[in-house]
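> Shown below is the structure under consideration.
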Amino acid sequence: MNKFYITTAIDYVNGAPHIGHAYEKILADIIFKHFKQRRDEYFFLTGTDEHGIKIQKTAANMGVTPQELCDKNSALFSSAWKELGIEYSKFIRTTNPEHKRIVQKIFEQLLSSGDIYKDSYEGKYCTGCEAYLSDKDLDENGCCLIHGTKPEIIKEENYFFRLSKYKDKIAEHIKNNPKFIVPAFRAQEVLNQLENIEDISVSRSVDNVKWGIPVYSDPSQIIYVWIDALSNYITALGYTPEGIGDILFNKYWPANVQVIGKDILKFHAIYWSALLMALGVKLPKTIFAHGWITINQAKMSKTTGNVVSPSTIMQAFELENSDPLRYYLAVCTQQGRDGNYSDEEFKERVNVDLANNMGNLLNRTLNMLVKYFDGEIKKEFICANELTEIAHSSILKVKEHFDNYRVAEAASEILQVVDEANKFVNDNAPWSLAKAEKMEECGRVLYSVLDLMVYVGTLIKPFCPNIAAEIARQLNFDIDMRLDELKPKMIPAGKLISKEDIKPVFLRLDSEFADKK
Ligand code: MSP
């Protein structure tokens, strides 16, 4: 099991990316980068979900074609992810011809197996969810519980997917595979939803919806929209129902983890599972449902006008790179819980963790090495002690957190190692040792901290790749090292650094502002 395949939800392109979309992609990227430090083969898929009535309407209002709107907005997402250092292996667009062709084949396969059938239907359709709603999905005013809008009454002849047929099999799978839904507290929620599950409509008449993939054998119907969207996770790997030449699919499927927001867990844990079962394809190992990001404790919405984009934050704080934002979003909440963004909390958290605790530790230790030893590690300084023990055992703990997709918890483990090292420096006071001319002892204290920073730099890399690279530059180790290569005493004897090469790895955010005032 040396491969790792991770996916995110694909975003709707009726607007620009905001911090909620960014949160998900950053979480997935951190998990991806961590597993890159452990595996030989890895693949990270993200992309955009481009069909549906919303796009059709938005494009019409703007006087452009749906394809033009998709091209423009999809590019905003892919470039925003580049700016945030998100290292996707493939960016899939559901308007891509190859995806469309395979979705049509999947649909035909399900028609011929009897999992899809035609029926006439009258129901309440929410365009926000792109799904028909049952009474359980509505509040007391008859509005969608997620979007707060009144669904449209739609009567049509549609194709239906026999979801109810898979109900018991999915429930059994959830119960037998405790890691299938992460965090575990969401599994019961899905089991409850399963009890009332009915067959779902999977097409719309071309008279009502034009922007989508036509059913191959019946172009009067448009495939709508979850079969189209969900299939991206396998069409991107070249899956076809006939299974010829699917090299990437055979290598990477089933996904190790599919990262999505809690609002679309039902579609993934139930619809997607049933679809895969109907196709005779294995289920992903884990579906990780993250919580939502609020802005100053309020839900982001276009109507309130409080939608924040990642680039707004980058510009407002004049960030050189995305490390602080990546770090903040990763740690602002525990696994699966909602988190909050505010400028103040952001500034405070990154200043304390990245500048004061982590950055200063390296900076002051290196400065002492230069001051007392002209930047040289002498042979007799090379040692291992309780700090080495703490650093080394943190690898296992961080790995265990990532094995369970506890991203914030992994970061907090790394920061605890930093705290221990700060305490060690204060307890051992190398400046007093130098004053008392206990130079060897002083050198050993400094060495143990620097040696620990090799661990910290490597482990923090998935969160803050730029800071990690700067730590590695100053300590002269290979930042692309795998986790199983990390061992004590990696810094050799000899000249390590000169005064002019010491640089803070992270500047406090307000200190940059102070300059400008
Ligand atoms: N297109 C569908 C997903 C199809 S996946 C086969 C969709 N798109 S979306 O643009 O509405 O949302 C994309 C992802 O962003 C979802 O996982 C959603 O939960 C997440 N988020 C959207 N707003 C969010 C926050 N405010 N906070 C955190 N994540 C949120 O759903």
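Take this note's numbering: the last position of the sequence shown gets the number 519, and nothing is skipped along the way. Note that the Cβ used here is the ideal one computed from N, Cα and C, for glycine as well. All values derive from a computational prediction rather than experimental measurement.
(1) Can you say whether P19 is buried or exposed, counting buried as having 16 or more other CB atoms within 10 angstroms of its CB?
(2) Just reading off the beta strand (DSSP E) that P2 is part of, what are its end residues?
(3) Mind checking A431: buried by the 16 CB within 10 Å criterion, or exposed?
(4) Check this for me: beta carbons of L47 and K5, under 8 angstroms apart or not?
(5) Buried or exposed for V354, please, with buried defined as at least 16 other CB atoms from any protein chain shown within 10 angstroms of its CB.
(6) Can you give, in chain order, each stretch of the alpha helix (DSSP H) that sits fully within the stretch 452-503 and has at least 4 residues?
(7) Does L389 have its Cβ less than 8 angstroms from a Cβ in chain B?
(8) Tell me which residues share the same chain as K138 and place their Cβ nearer than 7 angstroms to its Cβ, disregarding the 5 neighbours each side in the sequence.
(9) Mind checking who A300 pairs with in its DSSP beta bridge?
(10) How big is the Cα-Cα spacing for R510 and V352?
(11) Does the beta-carbon of I55, which I'm using as the reference point, lie nearer than 7 angstroms to any heavy atom of ligand 1?
(12) Can you list, in chain order, the residues of its chain whose CB lies under 7 angstroms from that of H101, leaving out five sequence neighbours each side?
(13) Let's test the definition: count the other Cβ atoms within 10 Å of the Cβ of K501 and tell me whether it reaches 16, buried, or not, exposed.
(14) If you scan the stretch 244-285 from start to end, which runs of the beta strand (DSSP E) of 3 or more residues do you find wholly inside it?
(15) Can you tell me whether Q337 is helix, strand or coil according to DSSP?
(16) Quick check for students: name the residue ranges of the alpha helix (DSSP H) that lie wholly in the stretch 86-165, counting only runs of 4 or more.
(17) Are the stretch 120-130 and the stretch 147-157 in contact at 8 angstroms, needing three or more beta carbon pairs?
(18) For the 8 angstroms Cβ check, are there 3 or more pairs between the stretch 417-434 and the stretch 475-493?
(19) So, with DSSP's three-state summary, where would you put S203?
(20) With distance defined between alpha-carbon atoms, name the residue in A257, G361 and V204 nearest to I469.
(21) So the alpha helix (DSSP H) A413 belongs to, where does it begin and stop?
(22) For F348, which option in L112, I315 and K373 has the closest C-alpha, if you only look at C-alpha atoms?
(23) Give me the Cα-Cα distance between T10 and H23, rounded to the nearest whole angstrom.
(24) Can you give the Cα-Cα distance for D517 and S344, rounded to whole angstroms?
(25) Roughly how many whole angstroms lie between the Cα atoms of E495 and I481?
(26) Just to confirm my understanding: we take L29, look at its own chain, exclude 5 residues before and 5 after, and list those with CB closer than 7 angstroms. What are they?
(27) What span of residues does the beta strand (DSSP E) with V217 cover, start to end?
(28) State the Cα-Cα distance for the pair Y457 and F383, rounded to the nearest angstrom.
(29) Identify the continuous alpha helix (DSSP H) that holds S396 and give its terminal residues.
(30) Is any heavy atom of ligand 1 found at a distance shorter than 7 angstroms from the C-beta of G49?
(31) Cβ of Y25 versus every heavy atom of ligand 1: is any distance shorter than 7 angstroms?
(32) Beta strand (DSSP E) containing A291: first to last residue?
(33) Helix, strand or coil, according to DSSP, for I12 in the structure here?
(34) Which first and last residues belong to the alpha helix (DSSP H) in which L509 is found?
(35) Taking the continuous alpha helix (DSSP H) assigned at L1, which residues delimit it?
Judging by the given coordinates:
(1) In the sequence shown, the residue the question calls residue 19 occupies position 17. The residue in question, P19, is buried, as its Cβ has 16 or more Cβ neighbours within 10 Å.
(2) This structure gives no information on residue 2, because the portion of the chain shown stretches from 3 to 519.
(3) Counting from 1 along the sequence shown, the entry for residue 431 is found at position 429. Only exposed fits A431, as fewer than 16 other CB atoms lie within 10 angstroms of its CB.
(4) As a first step, residue 47 must be located in the sequence shown, where it is residue number 45. As a first step, residue 5 must be located in the sequence shown, where it is residue number 3. Cβ distance not < 8 angstroms, so L47 and K5 don't count as in contact.
(5) Taking the first residue of the sequence shown as position 1, residue 354 is located at position 352. Answer is exposed; the Cβ neighbour count stays below 16.
(6) 467-477
(7) No chain B is present in this structure, which holds just one protein chain.
(8) Translated into the one-based positions of the sequence shown, residue 138 becomes position 136. Around K138: N198.
(9) Within the sequence shown, numbered from 1, the residue matching residue 300 stands at position 298. DSSP, once it has assigned bridges, lists I297 as partnering A300.
(10) Taking the sequence shown and counting its residues from 1, the one referred to as residue 510 is at position 508. Taking the sequence shown and counting its residues from 1, the one referred to as residue 352 is at position 350. If I take the Cα positions, the gap works out to 8 angstroms.
(11) Counting from one through the sequence shown, the residue named residue 55 turns up at place 53. Answer for I55: no, Cβ out of range of ligand 1.
(12) The count along the sequence shown starts at 1 and reaches residue 101 at position 99. Result list for H101: I94, N234 and T237, in chain order.
(13) By one-based count along the sequence shown, residue 501 stands at place 499. The residue is exposed, with fewer than 16 neighbouring Cβ atoms inside 10 Å.
(14) Runs found: 259-263.
(15) In the sequence shown, the residue the question calls residue 337 occupies position 335. DSSP places Q337 in coil when its eight states are reduced to three.
(16) 99-114
(17) yes
(18) no
(19) Translated into the one-based positions of the sequence shown, residue 203 becomes position 201. S203 sits in a strand when the DSSP states are folded into three classes.
(20) Here residue 469 refers to the residue found at position 467 of the sequence shown. When each option's Cα is compared against that of I469, the closest is G361.
(21) Walking along the sequence shown from the start, residue 413 turns up at place 411. A413 -> alpha helix (DSSP H) spans V409 to N430.
(22) Counted from its first residue, the sequence shown places residue 348 at position 346. Here the closest residue by C-alpha is I315.
(23) For the purposes of this step, residue 10 is identified with residue 8 of the sequence shown, where counting begins at 1. For the purposes of this step, residue 23 is identified with residue 21 of the sequence shown, where counting begins at 1. Straight-line Cα distance between these residues: approximately 10 angstroms.
(24) Along the sequence shown, one-based indexing puts residue 517 at 515. Along the sequence shown, one-based indexing puts residue 344 at 342. The predicted model places D517 with a pLDDT of 48, which falls under 50 and marks its position as unreliable; any figure quoted below should be read in that light. Using only the alpha carbons, I get a separation of about 23 angstroms.
(25) As a working mapping, residue 495 is identified with position 493 in the sequence shown. As a working mapping, residue 481 is identified with position 479 in the sequence shown. With the sequence shown as reference, residue 495 is identified as Ala, and Glu is not the correct amino acid for it. A straight line joining the alpha-carbon of A495 with that of I481 spans about 19 angstroms.
(26) By 1-based counting over the sequence shown, the position of residue 29 is 27. Cβ within range, chain order: V261, H292, A332 and V409.
(27) Stepping through the sequence shown from its first residue, residue 217 is reached at position 215. Taken as a continuous stretch (DSSP letters only), the beta strand (DSSP E) holding V217 covers I215 to V217.
(28) If you number the sequence shown from 1, residue 457 lands on position 455. If you number the sequence shown from 1, residue 383 lands on position 381. Approximately 18 angstroms between the Cα atoms of the pair.
(29) Looking up residue 396 in the sequence shown gives position 394. It spans E388 to D405 - the alpha helix (DSSP H) in which S396 sits, taken as one unbroken run.
(30) Numbered from 1 along the sequence shown, position 47 holds the residue referred to as residue 49. Checking the Cβ of G49 against ligand 1 gives no.
(31) Reading the sequence shown from its first residue, position 23 is the one you call residue 25. It does: the Cβ of Y25 is within 7 angstroms (strictly closer) of some heavy atom of ligand 1.
(32) Stepping through the sequence shown from its first residue, residue 291 is reached at position 289. I289 to H292 is the extent of the beta strand (DSSP E) around A291.
(33) What you label residue 12 is simply residue 10 of the sequence shown in a count that begins at 1. The answer is coil: DSSP assigns I12 none of H, G, I, E or B.
(34) Residue 509 sits at position 507 when you count from the first residue of the sequence shown. No alpha helix (DSSP H) contains L509, which DSSP labels as neither H nor E.
(35) This structure leaves residue 1 out entirely; the chain is present only between 3 and 519.
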